[in-house]
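Trainee:
Protein chains in written order, with this note's numbering: chain D, 1 to 244; chain P, 1001 to 1157.
#1: What is the rounded straight-line gap between the Cα of residue 213(D) and the Cα of residue 130(D)?
#2: Determine whether the beta carbon atoms of residue 1050(P) and residue 143(D) lie at a separation below 8 Å.
#3: Would you call the segment 157-164 of chain D in contact with the segment 119-129 of chain D, where contact means no fewer than 3 C-beta pairs closer than 8 Å?
#4: Does the beta carbon of residue 1085(P) come closer than 8 Å to any beta carbon on chain D?
#5: What's the gap between the Cα of residue 46(D) and the Cα of residue 228(D)?
#6: Report the three-state DSSP secondary structure of residue 45(D) (helix, strand or coil).
#7: Quickly, what does DSSP pair residue 112(D) with across the bridge? List them, please.
#8: Would you please state the rounded distance, in angstroms, between the beta carbons of residue 1121(P) and residue 112(D)? I believe it to be under 8 Å.
#9: Going along the chain, which residues of the segment 216-234 of chain D sit with their C-beta nearer than 8 Å to a C-beta in chain P?
#10: Report yes if the C-beta distance between residue 44(D) and residue 87(D) is below 8 Å; otherwise report no.
#11: Which same chain residues end up closer than 7 Å to residue 79(D) when comparing Cβ atoms and leaving out the 5 residues on each side of it in sequence?
#12: With a 10 Å radius around its C-beta and 16 neighbouring C-beta atoms as the bar for buried, classify residue 1149(P) as buried or exposed.
#13: Using a Cβ cut-off of 9 Å, which residues of the segment 72-94 of chain D contact any Cβ in chain P, in chain order?
#14: For the beta strand (DSSP E) containing residue 135(D), list its first residue and its last residue.
#15: List the residues of chain P that residue 194(D) touches, going by C-beta distances under 8 Å, in chain order.
#16: Under a Cβ-count criterion, where at least 16 other Cβ atoms within 10 Å of its own Cβ denotes burial, should residue 181(D) be classed as buried or exposed?
#17: Considering only C-alpha positions, which residue in the set 1094(P), 1113(P), 1027(P) is nearest to residue 1104(P)?
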């Protein structure tokens, strides 16, 4: 087949338009979802957490998190009466397999603290990324573009909560996505779905009917490391002062 | 006119710069993805890609469309607010095509103690048992119906 100069002139722009579509990437996966209508976060109700590890297992299964790495994990605090400022914190395998029994003679108080990415508004991790591979979405979720990430681990160091890791196989930064693939479809996150006591609840601050608004008014709610001014938005109800 | 005559080499120089700048712009147009900068200093299409990840947990709404009988047992019991997949595990495959995968029944001997084994770290008002003393090795479901675990007159219901 012979292509004339005239045909070539017509074909070139067509090819250019097709190539632009390739560059633009895959279209939005959730057509009925409007980003500007949501502002996602999470509520952790400490008095309800029983340390069963369901959230850790669910997260690893839902997001195919490699063994030994955690997008969410559960810590057990032991605060003794003599030394309130130096709690003993354990999290064996992220709390996935449960916790060792509490010795009868150990005085003081015990409680569980589930942790995950705080999806900060002024997140230190997104500020240090040299290539624009991690960002806060218009609906308030901190995500990693794993096609763009170089794996330099600046963000891993920058996160004051230790919520990021370098994926051992993909060699890029990985972290909690707040189950972005679920919440954009109207589902709750895997950890909230699996939590048997409702200690974790997905929150949409832009939804006026979300029970979080009433909860925040009537409870003593804190965020982790407020002195870091990260704008963390994972809310902890009845958080003990020894937690950091 | 002598100025322009002598400045010929400057025009060639500027010409080279303009050419290189055009090459740079064309190369940049190809290398930078189209959606970069759509919402900020990142690739906007990345959000769509992350949102397209496959589901593993179907969500309790999906379970309840078929398993109405279980829902009826659960709704008045202590486990009314425990989602199906909290115990049964991720079952999106089963929800998509029930014939393709049949969930295995969880073993109550290992399942129940995850939450109900006595521990001083657990909230005081949460029901907890010393498994060995409580059941003397019998499976929990001998006495308790897991979907509505309260003991009733006449044993498990």
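All C-beta atoms, glycine included, are put in the ideal place defined by N, C-alpha and C.
Note that the structure is predicted; figures quoted are calculated from it, not measured.
Mentor: For this structure:
#1: Straight-line Cα distance between these residues: approximately 36 Å.
#2: The Cβ atoms of residue 1050(P) and residue 143(D) sit closer than 8 Å to each other.
#3: Touching, yes, given that three or more Cβ pairs across the two stretches are closer than 8 Å.
#4: It does; some Cβ of chain D falls within 8 Å.
#5: Rounded to the nearest angstrom, the two C-alpha atoms are 22 Å apart.
#6: Secondary structure of residue 45(D) (DSSP, three-state): strand.
#7: For residue 112(D), the pairing in a beta bridge is given by DSSP as 76(D).
#8: The pair is a contact, with the Cβ atoms about 6 Å apart (cut-off 8 Å).
#9: Result list empty, no residue passes.
#10: No, the Cβ-Cβ distance between residue 44(D) and residue 87(D) is not below 8 Å.
#11: Result list for residue 79(D): 87, 108, 109, 240, 242, in chain order.
#12: Burial call: buried.
#13: Interface annotation for the segment 72-94 of chain D against chain P: 76, 77, 78, criterion Cβ-Cβ distance under 9 Å.
#14: Counting along the chain, the beta strand (DSSP E) containing residue 135(D) begins and ends at 134-136.
#15: Close to residue 194(D), with beta-carbon spacing below 8 Å, are these residues of chain P in chain order: 1057, 1083, 1085, 1086.
#16: When all chains shown are included, residue 181(D) counts as buried.
#17: Checking every option, the nearest Cα to that of residue 1104(P) belongs to 1094(P).
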